[in-house]
Each structure stands twice: as C-alpha cells, then as structure tokens.
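Which chain is which? The protein sequence lines are A and B, in order. Okay, so the first sequence: first residue is 1 according to the working numbering, each after it adds one. Okay, so the second sequence: first residue is 1001 according to the working numbering, each after it adds one.
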Amino acid sequence: MTKVQNVVILGSGPAGLTAAIYAARANLQPLLFEGEPSSTVDQPGGQLMLTTDVENYPGFVDGIMGPELMGRFRQQAARFGTNVLTQRVDRVDFSERPFRLWSEGTEHRAHAVIVATGAQSRMLGLESERRLLGHGLSTCATCDGFFFKGQNIAVVGGGDSAIEEATFLTKFADKVTIVHRRKELRASKIMQDRAFRNPKIDFQWESEVTEILGETRVEGLQLNDVTTGEGSRLDVTGVFVAIGHIPNTAIFSGQLDIETSGYIKTITGSTHTSVEGVFACGDVQDSTYRQAITAAGSGCMAAIDVERWLEEHHEAPADMAETPTNW
Amino acid sequence: MAGSISQVSEATFDEEIKGSNEPVLVDFWADWCGPCHAVAPILEEIATEKAGVLRIAKLNVDENPGIASRFGVQSIPTMILFKDGKATDLRIVGAKSKSALLTEITPYI
C-alpha cells in the first residue's frame, strides 16, 4: 500500500500554494498536485499565469507580473518542504478514509484533502472555436498578442479579465472592439476608466457572438443584437474570449456537495466541505470575490482547518473519527 | 545531436528541416509566453527519450517572424512536425502534458 499522506492539496494557484505554505510550516509535509501545462488558465499557477501586471496584490507597491507572483508563491511553498508533482488528479474517492486519489494511474492516499482546483475560462461553446483555435482565436492574450500587430481584433466579455486583455492587446492591435452582451461593463471602475480613455478601444454593446467566421483563419464575428435580434458582422482577424469562469469540480461530482452553479459548497466561515476531512478554498468555492488575495486568504484558512482537524481525528480509531465536529 | 534540442532561425530553418533524417518537431515559442516555458522541459524529456526517431528544434517567433508567418502560426506554443522537409498535418496548438503530447506525436514517428 502507498504511504498515507497527512494532506494532499489539489491546485497551485494562490489558494493551493498558500495552503501549502501554511501546511508545510505546520510540519504536515503536504503533497501538492500542481496540474499540467496548458495554454488556458487551467495550468500550474492558475489564472494569474496568463495575466500581466497585478496591481492590487498588497505588498507590491508598483505591481508585479502574474507569473512572477506565482513563481514566488511556489518557491515559498517549496522552501518549507511541500512536495510538488506536476500532475493532475483525475479521480478521487472520498467515500472512506483514508481518502484515495489517482493521478497518471497511480493511487495516492491521504488523511485530509484540500481542494483548490480553481476555475477555467468559459468559452463560447461554438463548433467554430475548435476549428479556429490557434488560427486567430486565442485563449492567451499575453502569448499571442504579438501576432496581431496592426490588426483589428475583438475581445468578447465585459469583466475585469476582458478589459485587461483588451487594454493589453492595444499594444499590438490597431483597434480592439469589446463585444459585450450588456450596455455597461462589469469590470472595476479603474479598469473601465482605462478602457474608455483608450483611443484604440471600441465597444459593441448588447451584442452576442453567434459564430466566429472563417474556414482556415478568423475573418470576423457574426453578432446578434440582444435587444432587437438583428444580426450583423464585425470584421476582425483575431478573437479573444473572456466571458467568465467555470469552477473545476467535475472530478468531485457525486463525492462532494456542489452548488447548481458548479461551486463546491463550504460551511460559511470555514473551508469544510460536505465530507469531513475534505476542505475547499479559492475560486473553486467562491462565486463572490474571486480575487488572488481572497483565494490566498481562504488557502490559509484551509491549512489551519486541516491542521486542527488532523489533530482531532488523525490517529483516532475509526469509530471516533465518525464523531461530527462542531460545524 | 541526438537527444538535444537545437535552435533554428530564418537562416538555418530550411537546411535543418530538409537535412534531417528523422522527423523534426519545431516548437514555435517566445520568451514572453508563459505556457511556452511550461512546456519546454517536457520537450527536452521527449527529445531525450525519442532520440534517434525524432528531433526537436525551437524557433523563436520574436526573432524569426517570417517563418512563423510562413506556417500561419498565430498562437504559441505551436508545434509542427516536419517530415522529409515538409510540414505534416501534425500541428499542436497550446501547452499540454507530456502524455497528451506523446499521444499526438507517436503515430507520426
């Protein structure tokens, strides 16, 4: 049988790595599955890996690049003895303790689990997305902005991510049109002001993308006016989609209580999930705040919850381990 | 240069691709691209493991935009497999895990 870990952490964004820092400093020798490389936000380091300047993380007066910030989190977690595997857990069994998790066909066992798998970018769900990915449709503005020098491109969405991407892309593109379903942005005030002041940014309000046009490369967007139902065409050679996120909870289906919106349910004021000994932190359980600092804060809470829970239950006989805790 | 990754440029690209006995997987990348850095160590492992049947070469798109544009690369990392000096239809867009990359590459080598 494999060794039973004190705590396994799934995910390596601000939540997972902060949980690792605290758990490692509590001598729990956490095992952390950081995920696998990808060109979407679903990758080691999480959503911040595809951003540029992070200006609201306290302590960095002049801002810090997202990937650099996450590199520092990771180093700090490693410094205190976190064991990091660049793998993704693809199956879990939380029905009995110790819990079991599988990655690349190998079984791992753990007394406690922290779920910090975050969220991935929502796509439009159009068949054309598959065909045109890498041919004008991109999931990574920081990677691919360079290829759109002097071109007219579109960013779909109206939140902070959309505005950040659009602003970044004006370094390369001649014109960036923000296509948004509503008539006002959801982004923070400072981001909105930046977008409205930028002469290269245009807005296509109350419009839905019904198709990305082009056979072998992006040639335009088919739009639908959500108030009149009228169709129109926007000629662009590049498209970036930033219409929100979906929590990564597929592997926990049937194992943990999950909201209909896809977020893991936690007991208010804690990181306890519906299964004793399994804790959740960061964007996978937060539909409200979804910031790096709140994710990090809840990662800290999860590690402290785990430490206390292990103290109470770790070496308890099986019958005692069933005793409900005070939540 | 079995097992190691070579850097190709606009000046050396055609010669390196045509002159290779093995298929060559060209990794289009740039320094500013995080996912490119994430996939680089995986490509090194694959180059070592597949030495003799596959070569891997890196092309910096920032320094060599002409080659990137010739093959319609608009997203990085993009990995294109060349055989007998010509691009095959194996074109991998985006960083992936080692097992996912091998699943795509293996049928071609």
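Ideal Cβ placement from N, Cα and C applies to all residues, glycine included. Every value quoted in this text rests on a predicted model; they were computed, and no experiment measured them.
Residues in the same chain with beta-carbon distance under 7 Å from residue i, minus the five sequence neighbours each way, listed in chain order, please.
i                  : result
Thr-323 (chain A)  : Reliability fails at Thr-323 (chain A), whose pLDDT of 42 lies under 50, so the model's placement of it is uncertain and no value is given.
Phe-80 (chain A)   : Ile-21, Ala-24, Arg-25
Thr-188 (chain A)  : The amino acid occupying residue 188 (chain A) in the given sequence is Ser; Thr does not appear at that position. Cβ neighbours of Ser-188 (chain A) beyond the five flanking positions: Asp-160.
Gly-136 (chain A)  : Gly-214, Arg-217, Val-218, Thr-237, Gly-238, Val-239
Ile-1076 (chain B) : Phe-1028, Trp-1029, Ala-1030, Cys-1033, Cys-1036, Val-1061
Arg-186 (chain A)  : Gly-158, Gly-159
Glu-1063 (chain B) : Ser-1009
Glu-127 (chain A)  : none
CB-CB under 8 Å to residue i, same chain, minus the five flanking residues each way: which ones, in chain order?
i                  : result
Asp-305 (chain A)  : Ser-270, Thr-271, His-272, Phe-279
Phe-60 (chain A)   : Val-54, Leu-69
Tyr-1108 (chain B) : Pro-1023, Leu-1081, Lys-1083, Thr-1088, Leu-1090
Arg-181 (chain A)  : Gly-158, Glu-206, Ser-207, Glu-208, Val-226
Gly-297 (chain A)  : Thr-18
Phe-168 (chain A)  : Thr-52, Ala-141, Thr-142, Gly-145
Among the options, which residue has its Cα nearest to the Cα of residue i?
i                  : options                                        : result
Pro-1023 (chain B) : B:Ser-1097, B:Leu-1090, B:Ala-1095, B:Thr-1103 : B:Leu-1090
Glu-34 (chain A)   : A:Leu-50, A:Asn-27, A:Val-84                   : A:Val-84
Val-92 (chain A)   : A:Ser-253, A:Glu-36, A:His-314                 : A:Ser-253
Gly-214 (chain A)  : A:Gly-238, A:Arg-72, A:Ser-121                 : A:Gly-238
Pro-1035 (chain B) : B:Ile-1105, B:Pro-1065, B:Val-1093             : B:Val-1093
Lys-1096 (chain B) : A:Gly-282, A:Thr-266, A:Ser-38, A:Gly-157      : A:Ser-38
Leu-32 (chain A)   : A:Thr-40, A:Leu-50, A:Gly-13, A:Asp-42         : A:Gly-13
His-111 (chain A)  : A:Thr-40, A:Tyr-57, A:Pro-30                   : A:Pro-30
Lys-1086 (chain B) : B:Glu-1016, B:Glu-1010, B:Pro-1041, B:Gly-1066 : B:Glu-1016
Leu-124 (chain A)  : A:Val-89, A:Ala-77, A:Trp-102, A:Thr-210       : A:Thr-210
Ala-119 (chain A)  : A:Ile-264, A:Arg-308, A:Ile-178, A:Ser-274     : A:Ile-264
Trp-336 (chain A)  : A:Ile-293, A:Gly-282, A:Val-8, A:Arg-290       : What the structure shows of chain A is the stretch from 1 to 327, and residue 336 (chain A) is not part of that stretch, so it cannot be assessed.
His-313 (chain A)  : A:Ala-77, A:Pro-199, A:Arg-122, A:Gly-277      : A:Gly-277
Asn-1021 (chain B) : B:Arg-1055, B:Gly-1066, B:Thr-1106             : B:Arg-1055
Val-89 (chain A)   : A:Gln-75, A:Asp-42, A:Arg-130, A:Ala-77        : A:Asp-42
Quick one: residues in its chain with C-beta nearer than 6 Å to the C-beta of residue i, no 5 flanking neighbours on either side, listed in chain order?
i                  : result
Ala-173 (chain A)  : Phe-148, Gln-151, Ile-153
Pro-1102 (chain B) : One point to set straight first is that residue 1102 (chain B) is Leu, not Pro, in the sequence displayed. Excluding sequence neighbours, Leu-1102 (chain B) sits near nothing in its chain.
Thr-227 (chain A)  : Glu-206
Arg-109 (chain A)  : Thr-2, Val-4, Pro-98, Arg-100
Pro-67 (chain A)   : Met-49
Ile-201 (chain A)  : Ala-166, Val-176, Ala-195
Ala-302 (chain A)  : Ala-19, Ile-114, Thr-271, Phe-279, Cys-281
Taking DSSP as the reference, what is the three-state secondary structure of residue i?
i                  : result
Phe-252 (chain A)  : helix
Met-65 (chain A)   : strand
Met-123 (chain A)  : coil
Ser-39 (chain A)   : coil
Asp-93 (chain A)   : strand
Asp-1084 (chain B) : coil
Gly-1019 (chain B) : coil
Trp-205 (chain A)  : coil
Ile-190 (chain A)  : helix
Arg-290 (chain A)  : coil
Gln-1007 (chain B) : strand
Gly-150 (chain A)  : coil
Ser-261 (chain A)  : coil
Trp-327 (chain A)  : Bear in mind that the predicted position of Trp-327 (chain A) carries a pLDDT of just 40, short of 50, making it unreliable; the figure below should be weighed with that in mind. DSSP places Trp-327 (chain A) in coil when its eight states are reduced to three.
Ala-110 (chain A)  : strand
Leu-1101 (chain B) : helix
Phe-60 (chain A)   : coil
Can a CB atom of chain B be found closer than 8 Å to the CB of residue i?
i                 : result
Leu-50 (chain A)  : yes
Ser-39 (chain A)  : yes
Phe-279 (chain A) : no
Gln-43 (chain A)  : yes
Gly-16 (chain A)  : no
Thr-323 (chain A) : At Thr-323 (chain A) the pLDDT is 42, less than 50, meaning the model places this residue with poor confidence and gives no usable figure here.
Pro-30 (chain A)  : no
Phe-146 (chain A) : yes
Gly-136 (chain A) : yes
Pro-67 (chain A)  : yes
Thr-170 (chain A) : no
Is there a Cβ from chain A that is less than 8 Å from the Cβ of residue i?
i                  : result
Ser-1097 (chain B) : yes
Thr-1088 (chain B) : no
Thr-1103 (chain B) : no
Gly-1066 (chain B) : no
Ser-1009 (chain B) : no
Gly-1072 (chain B) : yes
Phe-1082 (chain B) : no
Met-1001 (chain B) : Because the pLDDT at Met-1001 (chain B) is just 47, under 50, the model does not fix this residue reliably, and the value given afterwards should be weighed accordingly. With 8 Å as the cut-off, Met-1001 (chain B) does not count as an interface residue toward chain A.
Whose Cβ in chain B lies nearer than 7 Å to the Cβ of residue i?
i                : result
Ser-95 (chain A) : Simply none; closest approach about 27 Å.
So residue i contacts chain B; which residues on that side make the cut at Cβ distance below 8 Å?
i                 : result
Thr-142 (chain A) : Trp-1032, Cys-1033, Gly-1034
Leu-133 (chain A) : Ser-1075, Val-1093, Gly-1094
List the residues of chain A that residue i touches, going by C-beta distances under 8 Å, in chain order.
i                  : result
Ala-1047 (chain B) : Those within 8 Å of Ala-1047 (chain B) in chain A number zero; the least Cβ separation is about 16 Å.
Ile-1042 (chain B) : Pro-37
Whose Cβ in chain A lies nearer than 9 Å to the Cβ of residue i?
i                  : result
Thr-1078 (chain B) : Gly-134
Val-1026 (chain B) : Residues of chain A passing the Cβ test: none, with the nearest at roughly 15 Å.
List, in chain order, every chain A residue whose beta-carbon is nearer than 7 Å to that of residue i.
i                  : result
Ala-1038 (chain B) : Pro-37, Gln-43, Pro-44
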